[in-house]
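These protein sequences, in sequence, are chains G and F.
To convert, note that position 135 of the first sequence is 135 in the numbering used here; the numbers rise steadily by one, no gaps.
To convert, note that position 176 of the second sequence is 176 in the numbering used here; the numbers rise steadily by one, no gaps.
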Amino acid sequence: MIASFRAETLKSRKRWANWILFGILMLTLLLFGYILSYVILKHPPRNFESPVPASVLIREVFPENLLANVLSPTSTIGAAIMIILGGLSTASEFGWLTVQTILIQKPGRAAVLLGKLANLAVITLLVSVVALGSAALTSYLLVTIDGSSSSWPPVSVLVKGFGALWLELAVWTAFGMFLGIAFRSTAAAIGGGLTYLFVLEALVGQLLRETAGIKEILRFLPGVNASAVNASFRLTFRSPNAGTQLVDATRGWITLMVYLVLFTILAIVIFQRRDVGGS
Amino acid sequence: MAQALAVETHGLTKRYSTGVLAVNQLDLRVRTGEVYGFLGPNGAGKTTTLRLLSGLLHPTSGTAIVAGAAPGSPASLSRMGAMVETPAFYPYLSGRDNLRVVARYASVPSSRIEPVLKLVDLTDRARHKFKTYSTGMKQRLGVAAALLKGPDLLILDEPTSGLDPQGTMEMRALIKELKQGGRTVLLSSHLLNEVELTCDRVGVIAKGKLVAEGTVDELRARSGGRTLRIRATPLEQAQRLLESLLPEPVRVIDGSLILNVDPAQAASINRRLVSEGIDVSELRVDEQSLEDVFLQLTETPTLPSPASGGGEQR
Chain G
1 MIASFRAETL
11 KSRKRWANWI
21 LFGILMLTLL
31 LFGYILSYVI
41 LKHPPRNFES
51 PVPASVLIRE
61 VFPENLLANV
71 LSPTSTIGAA
81 IMIILGGLST
91 ASEFGWLTVQ
101 TILIQKPGRA
111 AVLLGKLANL
121 AVITLLVSVV
131 ALGSAALTSY
141 LLVTIDGSSS
151 SWPPVSVLVK
161 GFGALWLELA
171 VWTAFGMFLG
181 IAFRSTAAAI
191 GGGLTYLFVL
201 EALVGQLLRE
211 TAGIKEILRF
221 LPGVNASAVN
231 ASFRLTFRSP
241 NAGTQLVDAT
251 RGWITLMVYL
261 VLFTILAIVI
271 FQRRDVGGS
Chain F
1 MAQALAVETH
11 GLTKRYSTGV
21 LAVNQLDLRV
31 RTGEVYGFLG
41 PNGAGKTTTL
51 RLLSGLLHPT
61 SGTAIVAGAA
71 PGSPASLSRM
81 GAMVETPAFY
91 PYLSGRDNLR
101 VVARYASVPS
111 SRIEPVLKLV
121 DLTDRARHKF
131 KTYSTGMKQR
141 LGVAAALLKG
151 PDLLILDEPT
161 SGLDPQGTME
171 MRALIKELKQ
181 GGRTVLLSSH
191 LLNEVELTCD
201 RVGVIAKGKL
211 VAEGTVDELR
221 ARSGGRTLRI
231 RATPLEQAQR
241 LLESLLPEPV
251 RVIDGSLILN
261 VDPAQAASIN
271 RRLVSEGIDV
281 SELRVDEQSL
291 EDVFLQLTET
301 PTLPSPASGG
311 GEQR
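Structure (structure tokens):
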């Protein structure tokens with residue numbers, strides 16, 4: 001597994017697609033989540049209407065709301081990027097046929113996949129560290145520029161928030177990785193993953209949220225549970241966008257962990273049993 | 001004393017989920033230190049067999065021992081190098097980085113990379129991305145990757161596929177060099193000339209079954225060794241007449257009738273054709289080429305048992 005992990009790190013480091021995905025994630029988080037939000041709320045347009053004044057909303061980008069602001073895009077753009085990352089990491093191997101090059105080296109199939117998993121776990125860890133760190137730095141710079149005062153969340157909450165960020169990114173990465181192995185096609189894995197995320201979870205889930213029967217099913221979906229975890233890191237003011245959650249945060253944490261294990265086991269089982277090549 | 005076997009299969013069978021029976025009860029024995037040619041037409045089951053031996057496919061039934069262990073197990077993989085079907089590498093990495101990746105997977109020190117690059121003559125292009133490589137360079141990188149582990153057994157699937165004549169000659173020379181290093185080489189091919197020039201022994205596969213095994217000379221001898229070639233007009237009438245007279249099938253190749261008969265019968269066959277009003281413009285005895293043997297073997301799945309010779313019949 002260590003041999004496979006070392007090979008995976010080399011491949012990931014040299015792959016431009018990974019750096020582009022990382023860049024998009026950081027750009028979205030910092031530019032849209034912090035800088036543009038600050039600029040717009042600092043100088044709101046004349047027709048700006050909100051039940052909460054802009055002078056209060058602007059505190060969203062200040063250190064006191066670090067976790068809520070970082071976790072907010074995790075269920076959408078963060079999830080999408082991690083699905084693509086996970087999908088690329090496995091499906092490309094089938095597309096390029098490199099899966100057979102890997103499998104005829106020394107490690108067995110399980111070791112190969114566990115190495116890949118370990119590498120993705122480290123990548124999501126690094127993404128979480130950089131995302132949270134750069135968001136904290138940006139937040140500090142903005143509050144300094146603004147001349148306002150703000151306090152950081154307690155360390156225990158920061159640690160918990162970091163854990164939530166890592167867990168959510170890991171679940172979506174594992175989902176993408178599983179789809180890549182199941183479909184053996186980059187287009188199908190990414191297309192399937194994004195369709196699930198934006199059509200099934202986001203669109204259909206929102207439209208049928210209050211429908212009896214459907215509501216029960218929605219409680220088991222990863223996006224719904226991730227939202228519940230995110231909602232537990234509240235803003236310091238009552239956000240006009242805050243909605244009720246279908247499950248509580250504890251159930252959200254447990255469900256996400258179950259999904260992480262489930263996607264991992266399914267990926268390993270399929271990878272172990274499936275023929276490589278041939279018709 | 002029985003010679004040690006690098007590859008041994010018993011009743012190896014692979015039926016795909018589509019129902020296609022690609023390999024059927026294959027009993028293969030590759031001796032340690034030999035270059036074994038796995039010969040067969042396209043679709044005969046060569047690549048499927050090599051995938052089974054590499055652990056890429058799971059057999060439907062039967063067993064195999066490759067380099068002393070089960071196919072696909074770390075024990076087997078650590079002693080074998082393989083290039084199955086096409087050389088597959090990461091297009092965004094250079095040739096050298098691709099070998100670094102392979103070396104890491106195989107737990108091989110990176111100091112092995114430069115010697116194998118030199119061996120396949122890729123040092124100068126090693127820093128270029130794999131996606132810019134020509135077919136021949138890709139093929140050579142595939143061989144380099146297979147050699148990284150310094151394997152006892154080398155499995156090469158169509159190693160000269162896509163190579164120009166110069167590249168083909170170099171690849172043959174490389175295979176001979178590897179054999180001299182004491183390695184066992186199992187190579188598949190549909191190119192008879194290649195097999196004839198490089199292999200100690202040959203196994204012929206057709207429709208998933210091993211139809212013959214032995215040295216090239218043994219296979220020639222088994223298939224009759226010599227044939228009678230007749231050019232006659234009208235051809236169809238001559239073919240019908242000969243088929244009614246002879247127990248052996250009469251084949252038509254390049255406008256000539258090919259007969260597996262004792263050349264001593266040439267005169268009587270000629271007389272009979274002429275007496276039926278058929279013009280005979282050519283009648284000669286041919287030494288069988290490997291091509292003839294191959295065509296005969298792959299067109300007729302079961303052959304009569306050889307009267308003599310070391311090769312065994314399946």
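All C-beta atoms in this analysis are idealised placements derived from N, C-alpha and C, irrespective of residue type, glycine included.
Would you kindly check if the distance between the Cβ of residue j and the Cβ of residue i is under 8 angstroms?
i                : j                : result
Arg220 (chain F) : Val280 (chain F) : no
Thr186 (chain G) : Ala79 (chain G)  : no
Ala75 (chain F)  : Ala82 (chain F)  : no
Ala88 (chain F)  : Leu30 (chain G)  : no
Leu332 (chain F) : Val66 (chain F)  : This structure cannot settle anything about residue 332 (chain F), because the visible part of chain F is limited to 1 through 314.
Ala249 (chain G) : Val224 (chain G) : no
Gly192 (chain G) : Leu203 (chain G) : no
Val255 (chain F) : Ala22 (chain F)  : Checking the sequence, you will find Gly at residue 255 (chain F) rather than Val. Cβ atoms of Gly255 (chain F) and Ala22 (chain F): not closer than 8 angstroms.
Trp172 (chain G) : Ile83 (chain G)  : yes
Thr74 (chain G)  : Leu165 (chain G) : yes
Val7 (chain F)   : Leu178 (chain F) : no
Leu103 (chain G) : Val276 (chain G) : yes
Met1 (chain G)   : Ala118 (chain G) : yes
Glu276 (chain F) : Leu241 (chain F) : yes
Leu142 (chain G) : Leu85 (chain G)  : no
Phe48 (chain G)  : Ile181 (chain G) : no
Leu12 (chain F)  : Pro59 (chain F)  : yes
Arg229 (chain F) : Asp164 (chain F) : no
Ala121 (chain G) : Arg104 (chain F) : no
Lys149 (chain F) : Ser78 (chain F)  : yes
Glu196 (chain F) : Leu290 (chain F) : yes
Leu169 (chain G) : Val70 (chain G)  : no
For residue i, return the contacting residues in chain B, with the cut-off set at a CB-CB distance below 7 angstroms.
i                : result
Arg104 (chain F) : The structure shown has no chain B; the protein chains it does contain are G and F.
Closer than 8 angstroms, CB to CB, is residue i near chain G or not?
i                : result
Pro41 (chain F)  : no
Asp121 (chain F) : no
Val84 (chain F)  : yes
Val116 (chain F) : no
Ala232 (chain F) : no
Tyr133 (chain F) : no
Val23 (chain F)  : no
Arg100 (chain F) : yes
His190 (chain F) : no
Ala266 (chain F) : no
Leu77 (chain F)  : yes
Leu57 (chain F)  : yes
Asp157 (chain F) : no
Pro109 (chain F) : no
Arg112 (chain F) : no
Asp279 (chain F) : no
Pro304 (chain F) : Reliability of the predicted coordinates at Pro304 (chain F) is poor, the pLDDT of 37 falling under 50, and no value is obtained from them.
Ala88 (chain F)  : yes
Arg51 (chain F)  : yes
Leu93 (chain F)  : yes
Ser244 (chain F) : no
Ser161 (chain F) : no
Gln313 (chain F) : Low per-residue confidence applies at Gln313 (chain F): pLDDT is 32, beneath 50, and the placement is therefore not dependable, though the value from the model is reported in the following sentence. No, because no Cβ of chain G sits closer than 8 angstroms to the Cβ of Gln313 (chain F).
Ser54 (chain F)  : yes
If you measure from the beta carbon of residue i to each beta carbon in chain F, is any gap under 8 angstroms?
i                : result
Trp282 (chain G) : Any question about residue 282 (chain G) goes unanswered here, given that chain G covers just 1 to 279.
Val199 (chain G) : no
Gly277 (chain G) : yes
Ala188 (chain G) : no
For this session: Can you give me, in chain order, the residues of the region 83 to 110 of chain G that have a beta carbon less than 7 angstroms from any beta carbon in chain F?
Result: Trp96, Leu97, Thr98, Gln100, Thr101, Ile102, Leu103, Ile104, Gln105, Lys106, Pro107 and Gly108
For this session: Return the chain-ordered ranges of every beta strand (DSSP E) run that is complete within the region 58 to 138 of chain F and spans a minimum of 3 residues.
Result: 61 to 66 and 80 to 83
For this session: Spell out a yes or no on whether the region 59 to 69 of chain G and the region 136 to 153 of chain G are touching, meaning 3 or more CB-CB pairs, one atom from each, closer than 8 angstroms.
Result: yes
Problem set entry | Given 8 angstroms, three or more beta-carbon pairs between the region 260 to 270 of chain G and the region 224 to 237 of chain G | no
Exercise. Between the region 123 to 152 of chain F and chain G, which residues of the former have CB atoms less than 9 angstroms from a CB of the latter, in chain order?
Worked result: Gly142, Ala145, Ala146, Leu148 and Lys149
For this session: Evaluate the contact criterion for the region 248 to 258 of chain F versus the region 189 to 204 of chain F: three or more CB pairs, one atom per stretch, below 8 angstroms.
Result: no
For this session: Would you list, in sequence order, the uninterrupted beta strand (DSSP E) runs of no fewer than 3 residues that lie entirely inside the region 1 to 42 of chain G?
Result: none
Exercise. Does the pairing of the region 126 to 135 of chain F with the region 95 to 110 of chain F give three or more beta-carbon distances under 8 angstroms?
Worked result: yes
For this session: List in chain order: all unbroken beta strand (DSSP E) runs of 3+ residues lying wholly within the region 133 to 167 of chain F.
Result: 153 to 157
Exercise. Does the region 114 to 127 of chain F come close enough to the region 153 to 160 of chain F to have 3 or more Cβ pairs within less than 8 angstroms?
Worked result: no
Problem set entry | Cβ pair count under 8 angstroms reaching 3, the region 204 to 218 of chain F against the region 256 to 268 of chain F | no
Exercise. Counting pairs of beta carbons, one from the region 6 to 16 of chain G and one from the region 38 to 46 of chain G, are three or more of them closer than 8 angstroms?
Worked result: no
Exercise. Would you call the region 198 to 205 of chain F and the region 29 to 39 of chain F touching, i.e. three or more CB-CB distances under 8 angstroms?
Worked result: yes
Exercise. Are the region 42 to 50 of chain F and the region 113 to 123 of chain F touching by the rule of at least three beta carbon pairs closer than 8 angstroms?
Worked result: no
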